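No gaps in the numbering here: position 140 of the sequence shown is 137 in our numbering, and each next residue is one more.
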Amino acid sequence: MTVYESILDAIGGTPLLRLERLGEGVRPRIYAKLEFQNIGGSVKDRAALSMIRAAERAGLLEPGGTVVEGTSGNTGIGLSLVAAQLGYRSVIFAPAATAAEKIRLLRAFGAEVHLVADFVPRSDPGHLANRAAAFAASTPGAWLALQYDNPANPQAHAESTGPEIWTDTAGSVTHFVASVGTGGTISGTGRYLKQASDGLVQVIAADPEHSRYGGGNGSLKYTEGAGHPLHPASKEDIWPEAFDTALVDKYISVSDRDAIFTAHRAAREEGLLIGATGGTALAAALNLAETLDEEHTIVVVLPDSGRNYLSTYFDDHWLASLGFLEPPTPEGTIRSLLTTAPAGVQLLASDLTAAEAVVELHSRGITPDEPVFLVLDRGQSFGTVHPREVMGVVTLRSLGDVEPATPAVTAAIPHRTIAAGLPVTEAGAAADPDSGAGATPEVIAVLIDGRIAATLP
Ligand SMILES: Cc1ncc(COP(=O)(O)O)c(C=O)c1O
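In structure tokens form, the structure reads like this:
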């Protein structure tokens, strides 16, 4: 029997699990590293302990001190449980969209939680990192963990996760797959495995679609904890120092849909309840496995448990409300009202004036009442968009009704979003073909897989 002298001893030492059923039909062996078995429930416990210990050694955190961090949850949970055990106060800044379960967990460990806006430019004082830094600077005895740039974050994995995988596979691992948030896991583990294998282990970053890491444009995503979105108004695209990109041999891009439904499959086919970053990594591992042979062994990191997301990825209402879940046949749903295949919508940079917008839309040859979505400029004129990126909806007609020199957004007309799988009745009068003239001139945007992919005709 294992006897721990402290809760801190219950961090690390997680098992590998052979994925028999999910890996059925592919040639390599696939092992999952069960990071939800860490005492605080995620891979981030390792980084939290390592960063706190390094701060103590450096004299940055002293008895009675305060641990401060900006985090989407798991690092905060790790920090607050280590802080609780060692007698520090913990103050966590988290994005408002963080799953409710994780916020409750933080509070359960005694952390003071401040929710902050989660889609603001990096230079904005309201940005998560700036809020946490300002609090730390004005609080005596406070130490800011700075997981994105703290070398003790990847070091935790070079000292524990990497050696554990190497030992537990008896050196047979050939491919290591992990999702990337701060990059601590992939960098520390990847560094160790490459050294141990004389460079033979291939390191694969499983990256949410649109994430900058894998070359996406930085548009928002639903996979909480991994990937690198970028607010278009951020002057610089700052990548974490914890992420050693030179170690990555390959990026595999995984959509929100694949991440979420691969997590569902893990629960239903293997009895493994995991979050969407685990789903992302697993989807990438399965995709990679198709290209490998019997002599290969893949180890994939499953960072946390699906218990953190029972109100989101595992909740049918949440899934349906964002267009991730649709009935088997479209009859009676919003999708049945779409006359063309939902490929995307007209997009226009939201910083244009009405006059500039009119010129641009004429050049695209669009009709006077075709809805155009004003979005923060990513240089895109057509495609799907995350609803939080929409600043307003205009038409050539509405733009003609405002002063040409005013911002295009002053011509915004009412709009709302509705998921493709919801009943037609939810669209109300605007979608009712019998409602005739006088119906609300409201644009109804259709959400498919969490993104605006069409408007109702
Ligand atoms: C759920 C989840 N998955 C994956 C990661 C990524 O781990 P890392 O920061 O080590 O890259 C995080 C990090 O916060 C996370 O919370």
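Glycine included, every Cβ here is placed at the ideal spot set by N, Cα and C. Since we're looking at a predicted model, the values are computed, not measured.
Enclosing beta strand (DSSP E) for residue 345 [first to last residue]
Translated into the one-based positions of the sequence shown, residue 345 becomes position 348. It spans 342 to 346 - the beta strand (DSSP E) in which residue 345 sits, taken as one unbroken run.
Identify the residues that DSSP records as bridge partners of residue 172: which are they?
Here residue 172 refers to the residue found at position 175 of the sequence shown. Paired residues: 199 and 295.
Is it a yes or a no for the region 61 to 77 touching the region 128 to 141, going by three-plus beta-carbon pairs under 8 Å?
yes
Evaluate contact between the region 222 to 233 and the region 196 to 213, counting only Cβ atoms and requiring at least three cross-stretch pairs below 8 Å.
yes
Residue burial classification, residue 152 (beta-carbon count within 10 angstroms, cutoff 16):
Here residue 152 is taken as the residue at index 155 of the sequence shown, counted from 1. With 16 or more other Cβ atoms within 10 Å, it is buried.
Could you compute how far the alpha carbon of residue 84 sits from the alpha carbon of residue 77?
Taking the sequence shown and counting its residues from 1, the one referred to as residue 84 is at position 87. Taking the sequence shown and counting its residues from 1, the one referred to as residue 77 is at position 80. Straight-line Cα distance between these residues: approximately 10 Å.
Spatial neighbours of residue 8 in its chain, beta-carbon cut-off 7 Å, leaving aside the 5 residues before and after
The count along the sequence shown starts at 1 and reaches residue 8 at position 11. Within the same chain, residue 8 has close Cβ partners 35, 36, 42, 43 and 46.
Inter-residue Cα distance where the pair is residue 429 and residue 415
For the purposes of this step, residue 429 is identified with residue 432 of the sequence shown, where counting begins at 1. For the purposes of this step, residue 415 is identified with residue 418 of the sequence shown, where counting begins at 1. Because the pLDDT of residue 429 is 49, which lies under 50, any placement of that residue in the model is unreliable, and the number read from its coordinates should be weighed accordingly. Taking the straight line joining both Cα atoms gives about 14 Å.
According to DSSP, is residue 250 part of a helix, a strand, or is it coil?
Within the sequence shown, residue 250 is the residue found at index 253, counting from 1. In this structure, residue 250 counts as strand in the three-state DSSP scheme.
Boundaries (first-last residue) of the beta strand (DSSP E) holding residue 388:
Translated into positions along the sequence shown, residue 388 becomes position 391. Counting along the chain, the beta strand (DSSP E) containing residue 388 begins and ends at 387 to 391.
When you compare the CB positions of residue 372 and residue 347, do they come within less than 7 Å of one another, or not?
As a position in the sequence shown, residue 372 is number 375, starting the count at 1. As a position in the sequence shown, residue 347 is number 350, starting the count at 1. Against a cut-off of 7 Å, the Cβ pair of residue 347 and residue 372 comes out as a contact.
Does the distance from the CB of residue 351 to the CB of residue 401 come in under 7 Å?
Residue numbering aside, residue 351 sits at position 354 when the sequence shown is read from its first letter. Residue numbering aside, residue 401 sits at position 404 when the sequence shown is read from its first letter. Cβ distance < 7 Å, so residue 351 and residue 401 count as in contact.
Of the choices 251, 217, 179 and 69, whose alpha-carbon is the least far from that of residue 461?
Only positions -2 to 454 of the chain appear in this structure, which leaves residue 461 out of reach.
Do residue 455 and residue 336 have their C-beta atoms closer together than 7 Å?
Absent from the model: residue 455. The displayed extent of the chain is -2 to 454, so no value can be given.
Under a Cβ-count criterion, where at least 16 other Cβ atoms within 10 Å of its own Cβ denotes burial, should residue 379 be classed as buried or exposed?
Here residue 379 is taken as the residue at index 382 of the sequence shown, counted from 1. Its Cβ having fewer than 16 others within 10 Å, residue 379 is exposed.
Considering only the alpha carbon of each residue, which of 2, 3 and 18 lies closest to residue 279?
The residue you call residue 279 lines up with position 282 of the sequence shown. Per the Cα distances, 18.
Beta-carbon proximity of residue 297 to residue 282, cut-off 7 Å
Position 300 of the sequence shown, counted from the first residue, corresponds to residue 297. Position 285 of the sequence shown, counted from the first residue, corresponds to residue 282. Yes, these two residues count as a Cβ contact at 7 Å.
When DSSP labels each residue in this structure, what does residue 160 get in the three-state scheme?
Position 163 of the sequence shown, counted from the start, is the residue given in the question as residue 160. Three-state DSSP puts residue 160 in a helix.
Compute every distance between the C-beta of residue 35 and the non-hydrogen atoms of ligand 1, then say whether any falls below 6 Å.
As a first step, residue 35 is located in the sequence shown; it is residue number 38 there, counting from the start. Incorrect: residue 35 has no Cβ contact closer than 6 Å to ligand 1.
Backbone CA spacing between residue 196 and residue 146 [nearest angstrom]
Working through the sequence shown from its first residue, we reach residue 196 at position 199. Working through the sequence shown from its first residue, we reach residue 146 at position 149. For residue 196 and residue 146, the distance between alpha carbons rounds to 25 Å.
Is the CB-CB distance between residue 246 and residue 192 below 7 Å?
As a working mapping, residue 246 is identified with position 249 in the sequence shown. As a working mapping, residue 192 is identified with position 195 in the sequence shown. Going by C-beta atoms, residue 246 is not nearer than 7 Å to residue 192.
Applying the 10 Å Cβ sphere with the 16-neighbour rule, what's the burial state of residue 360?
Position 363 of the sequence shown, counted from the start, is the residue given in the question as residue 360. Residue 360 should be labelled exposed.
Residue 93 and residue 87 closer than 7 Å at C-beta
Residue numbering aside, residue 93 sits at position 96 when the sequence shown is read from its first letter. Residue numbering aside, residue 87 sits at position 90 when the sequence shown is read from its first letter. No, these two residues do not count as a Cβ contact at 7 Å.
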